[in-house]
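K.L.:
Residue 293 in this note's numbering sits at position 3 of the sequence shown; the count goes up by one each step and never skips.
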Amino acid sequence: MNEGWLSAGRVGRAHGLDGSFYVTRPRPPLLVLGATLRIGDRDHEIVRRAGTDDKPIVRLDGVGSREAADAVRGEDLLFAREAAPALEQDEYWPEDLEGCAVTDGDIAVGVVRRMVGYPSVDVLEVERDGADDLLVPMVRDAIRSVDVAARRVDVSLAFLREGD
Numbered sequence: 291m292n293e294g295w296l297s298a299g300r301v302g303r304a305h306g307l308d309g310s311f312y313v314t315r316p317r318p319p320l321l322v323l324g325a326t327l328r329i330g331d332r333d334h335e336i337v338r339r340a341g342t343d344d345k346p347i348v349r350l351d352g353v354g355s356r357e358a359a360d361a362v363r364g365e366d367l368l369f370a371r372e373a374a375p376a377l378e379q380d381e382y383w384p385e386d387l388e389g390c391a392v393t394d395g396d397i398a399v400g401v402v403r404r405m406v407g408y409p410s411v412d413v414l415e416v417e418r419d420g421a422d423d424l425l426v427p428m429v430r431d432a433i434r435s436v437d438v439a440a441r442r443v444d445v446s447l448a449f450l451r452e453g454d
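(1) Let me confirm a value: I397 is counted as buried when at least 16 other C-beta atoms fall within 10 Å, else exposed. Which label applies?
(2) Specify the secondary structure class of P384 as computed by DSSP and reduced to three states.
(3) Enumerate in chain order the residues of its own chain whose CB-to-CB distance from G354 is below 8 angstroms, with the five nearest sequence positions on each side excluded.
(4) With 16 as the cutoff for other CB atoms within 10 Å, does L425 come out buried or exposed?
(5) What's the gap between the Cα of V337 and the Cα of R349?
(6) Under 8 angstroms, with one C-beta from each stretch per pair, do the region 439-449 and the region 390-407 reach the 3-pair mark?
(7) State the DSSP-derived secondary structure class of E357, mapped to helix, strand or coil.
(8) Assuming D437 is part of the beta strand (DSSP E), what are its boundary residues?
(9) For a quick check, are the C-beta atoms of I329 and E365 less than 7 angstroms apart?
(10) Kindly list the residues whose CB is nearer than 6 angstroms to the CB of V413, restricted to its own chain and excluding five residues on each side of it in sequence; keep chain order.
(11) My understanding is that G352 touches R332, with C-beta atoms under 8 angstroms, so please give their C-beta distance in whole angstroms.
(12) Tell whether a beta-carbon distance below 7 angstroms holds between A374 and L296.
(13) Based on Cα-Cα distance, which residue from V362, A439, A325 lies nearest to F311?
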């Protein structure tokens, strides 16, 4: 994905006749009334926001019918990174962690494939050569440090019961 964009979710099934639709894989802080989202190469303003954070419903300007919503179903909803709300310390956009090297001190562990949101905690899915993927919960005991600029995540294999 383009570095200048964050995923706000994907266009889901239509809701009603006015072009409103459910958002799948939603990122609620980016789905606010008045925000601008990009679908393909076109920008659209959110003119309606309903539903819940888990199952939001939005309508975008320029998508004014059920047929128009169906035509963009499955498309990514992109949010301009420079317009994104500021993150707190120790918060990260999942896109920033994808591809980071994962280590335990000087020991190479693998590469972050993606961040997955579980009900109680976000988890890094780490791809490893010659071994099953490793799931690393985003908790201080499991993750010693994250350096987005250096593209590195340092984890504790002992905490994860993966070390000797």
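Even glycine gets a Cβ: it sits at the ideal position worked out from N, Cα and C.
P.N.:
Quick answer:
(1) Indexing the sequence shown from 1 puts residue 397 at position 107. Exposed, by the Cβ-count rule.
(2) For the purposes of this step, residue 384 is taken as residue 94 along the sequence shown, with counting starting at 1. Helix, per DSSP.
(3) As a first step, residue 354 must be located in the sequence shown, where it is residue number 64. Excluding residues within five positions, the ones whose Cβ falls inside 8 angstroms are D308, G309.
(4) Your numbering for residue 425 matches position 135 in the sequence shown. Answer is exposed; the Cβ neighbour count stays below 16.
(5) Your numbering for residue 337 matches position 47 in the sequence shown. Your numbering for residue 349 matches position 59 in the sequence shown. Straight-line Cα distance between these residues: approximately 6 angstroms.
(6) yes
(7) For the purposes of this step, residue 357 is taken as residue 67 along the sequence shown, with counting starting at 1. Looking at E357 - three-state DSSP - the assignment turns out to be helix.
(8) For the purposes of this step, residue 437 is taken as residue 147 along the sequence shown, with counting starting at 1. 433-437 is the extent of the beta strand (DSSP E) around D437.
(9) Working through the sequence shown from its first residue, we reach residue 329 at position 39. Working through the sequence shown from its first residue, we reach residue 365 at position 75. Yes, the Cβ-Cβ distance between I329 and E365 is below 7 angstroms.
(10) Here residue 413 is taken as the residue at index 123 of the sequence shown, counted from 1. Once the five neighbours on either side are set aside, the close Cβ partners of V413 are V406, L425, P427.
(11) Working through the sequence shown from its first residue, we reach residue 352 at position 62. Working through the sequence shown from its first residue, we reach residue 332 at position 42. Their Cβ separation, rounded to whole angstroms, is 7 angstroms, which keeps G352 and R332 in contact under 8 angstroms.
(12) Here the question's residue 374 lines up with position 84 in the sequence shown. Here the question's residue 296 lines up with position 6 in the sequence shown. Going by C-beta atoms, A374 is nearer than 7 angstroms to L296.
(13) Position 21 of the sequence shown holds residue 311. Comparing Cα positions, the closest option is V362.
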